[in-house]
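Residue numbers (my numbering): 47 to 415.
Remarks on the structure that follows.
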């Protein structure tokens, strides 16, 4: 199966071409891939340039840097990783300094990816020469359809740097949930999507940042080297699961678990394991030695939700993930998500979502592969 290739900045359509898979440093062409089912893409990576500025966030850099460095370390592809910027050394916002930062490359080649790393978005940064020089370099490198074979990505507030370079105009993008409104206000020509882990529009990628930079890096690996390679990298880095771009930044199963009640956590674990469970059945509450009424009151005190409401948020999260990541029909997705019928799923969907499940799938395919 040929994976859909991205379009470079400034180019809306382009030819697809098969490249290397994920055998040890083994390039493969269409003849080698015939009949063996490797997932392949035109978005080959040869060099990853991490663009770092003062007050860089350590995890915004370290997470994706570790993921992409693992590609060569595990023998999956000869990917070179470099840190570049206008300064030879920078101090992170968290304190430690980063040295041996190389100069911004004078020329980019097909297969390169530039990743603008998030920094603390202070006025002293966005008005600095380092900021303006970096934006000018990005504009010169990528503007007006130049460097069609090169990808550009942003982690967290790195999206603001892409915006300053004009690379987000007319494109879908995202950033950390705390900066969504600011990005919209500063770059009104960009189509800013909130509550997404990462978004891709052509060869321009943006992400929510922090831990989601890891998800973005894994997607870059999957596109260049195949899903098996991305799984191997995730396993080596002890990443328990891979999120998709259409996944929300704040998953309901996490946002409703910021409490310390062990009984409620046990109930949440049970609901997560069995999305079809009848949480209103007295036998469900008896498993935790409480009554249905007491369980509902205690659960609501700790989470702000009833057990049934929490279960529905998990069902909907599962359904959204399956819509974005599979080609299963809506009927099958409804059942796999714990709903008794597709009618029950659609009724729940219509209460909390704009548009139809099919429209959501189409939008997810466009914005997040």
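Ideal Cβ placement from N, Cα and C applies to all residues, glycine included.
Whole-angstrom distance between residue j and residue i, CA atom to CA atom
{"i": "residue 63", "j": "residue 268", "result": "Note that residue 63 has pLDDT 27, beneath the 50 cutoff, so the model's placement of it is unreliable and the number below is only indicative. If you take the alpha carbons of residue 63 and residue 268, they lie about 16 Å apart."}
{"i": "residue 305", "j": "residue 221", "result": "27 Å"}
{"i": "residue 248", "j": "residue 257", "result": "23 Å"}
{"i": "residue 201", "j": "residue 319", "result": "32 Å"}
{"i": "residue 46", "j": "residue 336", "result": "The structure shown has nothing for residue 46, since the chain only spans 47 to 415."}
{"i": "residue 400", "j": "residue 120", "result": "43 Å"}
{"i": "residue 170", "j": "residue 382", "result": "50 Å"}
{"i": "residue 350", "j": "residue 373", "result": "34 Å"}
{"i": "residue 271", "j": "residue 259", "result": "18 Å"}
{"i": "residue 434", "j": "residue 393", "result": "Nothing in the structure corresponds to residue 434, since the chain is present only between 47 and 415."}
{"i": "residue 139", "j": "residue 113", "result": "21 Å"}
{"i": "residue 338", "j": "residue 329", "result": "9 Å"}
{"i": "residue 331", "j": "residue 344", "result": "12 Å"}
{"i": "residue 60", "j": "residue 280", "result": "Low confidence applies to residue 60: its pLDDT is 35, below 50, so where it sits in the model is not reliable, and the reading given next is rough at best. The alpha-carbon atoms of residue 60 and residue 280 are separated by roughly 30 Å."}
{"i": "residue 324", "j": "residue 277", "result": "34 Å"}
{"i": "residue 232", "j": "residue 173", "result": "14 Å"}
{"i": "residue 175", "j": "residue 353", "result": "53 Å"}
{"i": "residue 91", "j": "residue 197", "result": "9 Å"}
{"i": "residue 111", "j": "residue 264", "result": "11 Å"}
{"i": "residue 307", "j": "residue 274", "result": "39 Å"}
{"i": "residue 341", "j": "residue 361", "result": "20 Å"}
{"i": "residue 246", "j": "residue 104", "result": "23 Å"}
{"i": "residue 214", "j": "residue 149", "result": "24 Å"}
{"i": "residue 327", "j": "residue 364", "result": "23 Å"}
{"i": "residue 251", "j": "residue 216", "result": "13 Å"}
{"i": "residue 73", "j": "residue 168", "result": "Note that residue 73 scores a pLDDT of 31, beneath 50, so its modelled location is shaky and nothing firm can be said."}
{"i": "residue 228", "j": "residue 100", "result": "20 Å"}
{"i": "residue 141", "j": "residue 161", "result": "21 Å"}
{"i": "residue 321", "j": "residue 367", "result": "15 Å"}
{"i": "residue 186", "j": "residue 177", "result": "14 Å"}
{"i": "residue 165", "j": "residue 262", "result": "17 Å"}
{"i": "residue 204", "j": "residue 102", "result": "10 Å"}
DSSP-derived helix/strand/coil call for residue i
{"i": "residue 167", "result": "coil"}
{"i": "residue 244", "result": "strand"}
{"i": "residue 279", "result": "helix"}
{"i": "residue 383", "result": "coil"}
{"i": "residue 359", "result": "helix"}
{"i": "residue 388", "result": "helix"}
{"i": "residue 404", "result": "helix"}
{"i": "residue 75", "result": "At residue 75, the pLDDT of 28 sits below 50, so the modelled position is not reliable; the number obtained from the coordinates is stated separately. Coil, per DSSP."}
{"i": "residue 372", "result": "coil"}
{"i": "residue 256", "result": "coil"}
{"i": "residue 285", "result": "coil"}
{"i": "residue 395", "result": "helix"}
{"i": "residue 365", "result": "helix"}
Neighbourhood of residue i by C-beta, 7 Å cutoff - its chain only, sequence neighbours within 5 removed
{"i": "residue 78", "result": "In this predicted model, residue 78 has a pLDDT of only 26, less than 50, meaning its place in the structure is not dependable; the value taken from the coordinates is given anyway. The answer is none, since no qualifying residue turns up."}
{"i": "residue 98", "result": "107, 129, 131, 136, 144, 147, 163"}
{"i": "residue 312", "result": "334"}
{"i": "residue 403", "result": "369, 376, 395"}
{"i": "residue 151", "result": "95, 130"}
{"i": "residue 115", "result": "127"}
{"i": "residue 230", "result": "238"}
{"i": "residue 282", "result": "116, 120"}
Beta-carbon contacts of residue i that lie in its chain and below 8 Å, excluding the five residues immediately before and after
{"i": "residue 377", "result": "388"}
{"i": "residue 118", "result": "124, 125, 126, 127"}
{"i": "residue 390", "result": "380"}
{"i": "residue 302", "result": "314, 349, 350, 351, 356, 359"}
{"i": "residue 254", "result": "202, 220, 221, 222, 223, 242, 243, 244, 295"}
{"i": "residue 317", "result": "323, 325, 353, 356, 357, 360"}
{"i": "residue 346", "result": "352"}
{"i": "residue 181", "result": "207, 210, 211"}
Residues near residue i in its chain [Cβ-Cβ closer than 6 Å; skip 5 each side]
{"i": "residue 406", "result": "369"}
{"i": "residue 240", "result": "226"}
{"i": "residue 195", "result": "156"}
{"i": "residue 179", "result": "132"}
{"i": "residue 237", "result": "218"}
{"i": "residue 206", "result": "none"}
{"i": "residue 93", "result": "126, 158"}
{"i": "residue 134", "result": "147"}
{"i": "residue 384", "result": "321, 322, 361"}
{"i": "residue 184", "result": "211"}
Neighbour flag for residue i against chain C, beta carbons, 8 Å
{"i": "residue 150", "result": "Note that chain C does not occur in the displayed structure, where there is just one protein chain."}
Segments of 3+ residues assigned as beta strand (DSSP E) that fall wholly inside the region 85-171: Segments of the beta strand (DSSP E) lying fully in the region 85-171: 93-97, 126-130, 158-162.
Ordered list of alpha helix (DSSP H) runs contained in the region 305-355, each at least 4 residues: For the region 305-355, whole alpha helix (DSSP H) runs of length 4 or above, ordered along the chain, are 308-319, 328-332, 338-349.
Every unbroken alpha helix (DSSP H) inside the region 168-241 [4 residues or more]: You should have 169-172, 175-188, 204-210, 226-232.
At least 3 beta-carbon pairs within less than 8 Å: the region 145-159 vs the region 203-218: Because the criterion of three Cβ pairs below 8 Å is not met, the region 145-159 and the region 203-218 do not touch.
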